[in-house]
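In what follows, a single structure is set out as structure tokens and then discussed.
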Amino acid sequence: MTTTSRGTWTAVLCWLTVLLEGYDLVALGATIPTLLKSGYLGFTAAGATAVATVSLIGVAVGAACLGPLTDRFGRRVLLIGSVLLFSLFTLLTPLAPNVATFGVFRFVAGLGLGACMPVALTVMSENLPARRRASASTFTMTGYHVGAVLTSVLALSAKEDWHLLFYGGGVIGLLAVPLMWWKLPESAAYLAARETSERVGLKDLLGTRFRRISIAVWTGSFMGLLLVYGLNTWLPQLMRTAGYPISTSITLLLVLNIGAVLGLVLAGTIADRFGIRPIARIWFGAGAVLLAALSLKIGNALVLNAVVLLTGVFVFSAQVLIYGYVAQAFPASARGTALGLTSAVGRLGSILGPFVTGALVTAGIAYPWGFWFFAVVAALGLVAVLLLRGGTPAEERLTPVSAG
Numbered sequence: 007m008t009t010t011s012r013g014t015w016t017a018v019l020c021w022l023t024v025l026l027e028g029y030d031l032v033a034l035g036a037t038i039p040t041l042l043k044s045g046y047l048g049f050t051a052a053g054a055t056a057v058a059t060v061s062l063i064g065v066a067v068g069a070a071c072l073g074p075l076t077d078r079f080g081r082r083v084l085l086i087g088s089v090l091l092f093s094l095f096t097l098l099t100p101l102a103p104n105v106a107t108f109g110v111f112r113f114v115a116g117l118g119l120g121a122c123m124p125v126a127l128t129v130m131s132e133n134l135p136a137r138r139r140a141s142a143s144t145f146t147m148t149g150y151h152v153g154a155v156l157t158s159v160l161a162l163s164a165k166e167d168w169h170l171l172f173y174g175g176g177v178i179g180l181l182a183v184p185l186m187w188w189k190l191p192e193s194a195a196y197l198a199a200r201e202t203s204e205r206v207g208l209k210d211l212l213g214t215r216f217r218r219i220s221i222a223v224w225t226g227s228f229m230g231l232l233l234v235y236g237l238n239t240w241l242p243q244l245m246r247t248a249g250y251p252i253s254t255s256i257t258l259l260l261v262l263n264i265g266a267v268l269g270l271v272l273a274g275t276i277a278d279r280f281g282i283r284p285i286a287r288i289w290f291g292a293g294a295v296l297l298a299a300l301s302l303k304i305g306n307a308l309v310l311n312a313v314v315l316l317t318g319v320f321v322f323s324a325q326v327l328i329y330g331y332v333a334q335a336f337p338a339s340a341r342g343t344a345l346g347l348t349s350a351v352g353r354l355g356s357i358l359g360p361f362v363t364g365a366l367v368t369a370g371i372a373y374p375w376g377f378w379f380f381a382v383v384a385a386l387g388l389v390a391v392l393l394l395r396g397g398t399p400a401e402e403r404l405t406p407v408s409a410g
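Just so we're aligned: 120 in my numbering is position 114 of the sequence shown, and the numbers increase by one with no gaps anywhere.
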């Protein structure tokens, strides 16, 4: 396989992997209104909240436990294994005989989903020069939102046949596994780092060398993923609570994720030119303002769609810029661990977001308080990014291992 061919297959397969993750994770949020309306398996708002929460607990556990293993066993095997795991249990989800089993299947699928994103981002960041790591992260994450858009479109078409969303995602993921085994190469940066004596673990990430960066990026990731998963899981129901019909609510989820894709392309391009830190600050700040605006009842459909679109542009790509900063700031010998733990801490936010929003829905006060909650979270993300220092990335300053 030529160098160009290796790079092309790596980019395509990493993007496809994240697309499948976005499709899978948003499928639950897109089907919750239908599950609640039909009372399938006895689903209630509390039951849907529990399933969404346990699913994201699985994602957090997968990111924390499986993601860091890439620095020891390699990127390729972990990425392929994670796709196999979540695809199989996504396929099984509609076959669950009760709500509890439904939740168990989503938890196990979450284990694979949790490992998938940090490993894919690690591979992509190591496939490009350090100066392009912002766009590497944002390009890869466009896959997540393309998957989310695809889920939203299919949910509008499927309506009562919601189970087709899970069957489709599971089958496509399983078909991708042999292609990945055939075409996905191991990361050259990982192979080079494996030959060095330098190894960086959790203790080092909390040591003097990386403590400030670690705490800041973990906090930013926590806030960012809280917003991403809170909105993707509950936006349709929040809009239903505000008085919009189901079709409009799901359409707004589609608009949100279209904005997310546009925002990722824009954020990566601008951040590569002007630096990740200042752009991340602007993105979190703008997100806070837009989320606060959504707490107001917007009667004009055009204005409502515009605000939701811009919310997707700024909110969803703000967190991805954190990943780009991590890929830039840590050496290859620690990059998988750093991205895995950053993702894992972020996944705790992804658990809290749907849980708190679901609690607000259950209490009957989700609109407008849900959006005020999200606005405060975005403001806290801005504070975290303000703690990041400038200067030369740690990789270039502290390690001889080249990832470019």
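We put the CB at the ideal spot given by N, CA and C, even for glycine. Please read all numbers here as calculations on a predicted model, not as lab measurements.
Residue j beta carbon less than 8 Å from that of residue i
{"i": "M123", "j": "L270", "result": "no"}
{"i": "A266", "j": "I285", "result": "no"}
{"i": "G342", "j": "T144", "result": "no"}
{"i": "P100", "j": "Y173", "result": "yes"}
{"i": "F92", "j": "A126", "result": "no"}
{"i": "R112", "j": "V60", "result": "yes"}
{"i": "A381", "j": "A298", "result": "yes"}
{"i": "L84", "j": "L94", "result": "no"}
{"i": "R395", "j": "R287", "result": "no"}
{"i": "A121", "j": "S88", "result": "yes"}
{"i": "A390", "j": "G236", "result": "no"}
{"i": "A56", "j": "L41", "result": "no"}
{"i": "G64", "j": "N238", "result": "no"}
{"i": "G68", "j": "L117", "result": "yes"}
{"i": "W187", "j": "I86", "result": "yes"}
Burial state of residue i, where buried means 16 or more other Cβ atoms lie within 10 Å
{"i": "S203", "result": "Only weak support exists for where S203 lies, its pLDDT of 48 falling under 50; the value from the coordinates is given anyway. So S203 counts as exposed."}
{"i": "A52", "result": "exposed"}
{"i": "A372", "result": "buried"}
{"i": "N306", "result": "exposed"}
{"i": "P1", "result": "In the structure displayed, the chain extends from 7 to 410; residue 1 sits before or after that span and is not available."}
{"i": "M50", "result": "The question names Met, yet the displayed sequence has Thr at residue 50. Per the 10 Å Cβ criterion, exposed."}
{"i": "V309", "result": "exposed"}
{"i": "S220", "result": "buried"}
{"i": "P406", "result": "Interpretation of P406 is limited by its pLDDT of 31, a score under 50 that renders its predicted location unreliable; the figure taken from the coordinates is listed afterwards. So P406 counts as exposed."}
{"i": "L347", "result": "buried"}
{"i": "L300", "result": "buried"}
{"i": "R78", "result": "exposed"}
{"i": "P184", "result": "exposed"}
{"i": "L345", "result": "buried"}
{"i": "L421", "result": "The structure shown has nothing for residue 421, since the chain only spans 7 to 410."}
{"i": "G45", "result": "exposed"}
From the options, residue whose alpha carbon lies closest to that of residue i
{"i": "L258", "options": "Y173, L316, F228", "result": "L316"}
{"i": "E27", "options": "F379, V105, F49, A154", "result": "A154"}
{"i": "L119", "options": "M186, V32, S158", "result": "V32"}
{"i": "G355", "options": "L327, I328, F228, L180", "result": "F228"}
{"i": "T128", "options": "F216, L392, V24", "result": "V24"}
{"i": "W289", "options": "A312, L300, I328", "result": "I328"}
{"i": "S349", "options": "F336, V332, V309", "result": "V332"}
{"i": "G370", "options": "V152, R246, T14, V326", "result": "R246"}
{"i": "Y29", "options": "W378, G179, I219, V83", "result": "G179"}
{"i": "E192", "options": "N133, A390, R395", "result": "N133"}
{"i": "L47", "options": "G68, G80, G109", "result": "G109"}
{"i": "G281", "options": "W188, A335, L117, T96", "result": "A335"}
{"i": "S253", "options": "L90, E166, A70, H151", "result": "E166"}
{"i": "L386", "options": "V295, V313, T368", "result": "V295"}
{"i": "G230", "options": "H151, F216, L90, V351", "result": "V351"}
Nearest-angstrom Cβ-Cβ length linking residue i and residue j, presumed shorter than 8 Å
{"i": "V362", "j": "L233", "result": "So it is not a contact: roughly 12 Å between Cβ atoms."}
{"i": "G318", "j": "L262", "result": "4 Å"}
{"i": "R279", "j": "L62", "result": "In fact, because the Cβ distance is near 34 Å, the residues do not count as touching under 8 Å."}
{"i": "P360", "j": "W224", "result": "Incorrect: roughly 19 Å between the Cβ atoms, too far for contact."}
{"i": "A140", "j": "G330", "result": "4 Å"}
{"i": "A6", "j": "I357", "result": "The question about residue 6 has no answer here: the residues shown for the chain are numbered 7 through 410."}
{"i": "L19", "j": "L190", "result": "5 Å"}
{"i": "G149", "j": "W21", "result": "4 Å"}
Close beta carbons around residue i, own chain, < 6 Å, minus the five adjacent residues each side
{"i": "G376", "result": "L244, T363, L366"}
{"i": "L162", "result": "I256"}
{"i": "L242", "result": "A quick correction: the sequence has Pro, not Leu, at residue 242. Correct list, in chain order: P39, S255, I256, L259."}
{"i": "G293", "result": "F320, V321, A324, A384"}
{"i": "L393", "result": "A222"}
{"i": "T37", "result": "W168"}
{"i": "E401", "result": "Confidence is the limiting factor: at E401 the pLDDT is only 41, short of 50, which leaves the residue's position unreliable and the question unanswerable from this model."}
{"i": "A17", "result": "none"}
7 Å Cβ shell around residue i - same chain, five flanking residues per side excluded
{"i": "A248", "result": "K303, Y373"}
{"i": "V159", "result": "L260"}
{"i": "G291", "result": "L388"}
{"i": "I264", "result": "V155, L315, G318"}
Contacting residues, own chain, Cβ-Cβ under 8 Å from residue i (five flanking each side not counted)
{"i": "A277", "result": "A140, S141, T144, I285, A286, L327, G330"}
{"i": "W15", "result": "M7, K189, L190, P191"}
Closer than 7 Å: residue i CB and nearest the ligand NAP heavy atom
{"i": "L47", "result": "Ligands in the displayed structure: none, and consequently the ligand NAP is not present."}
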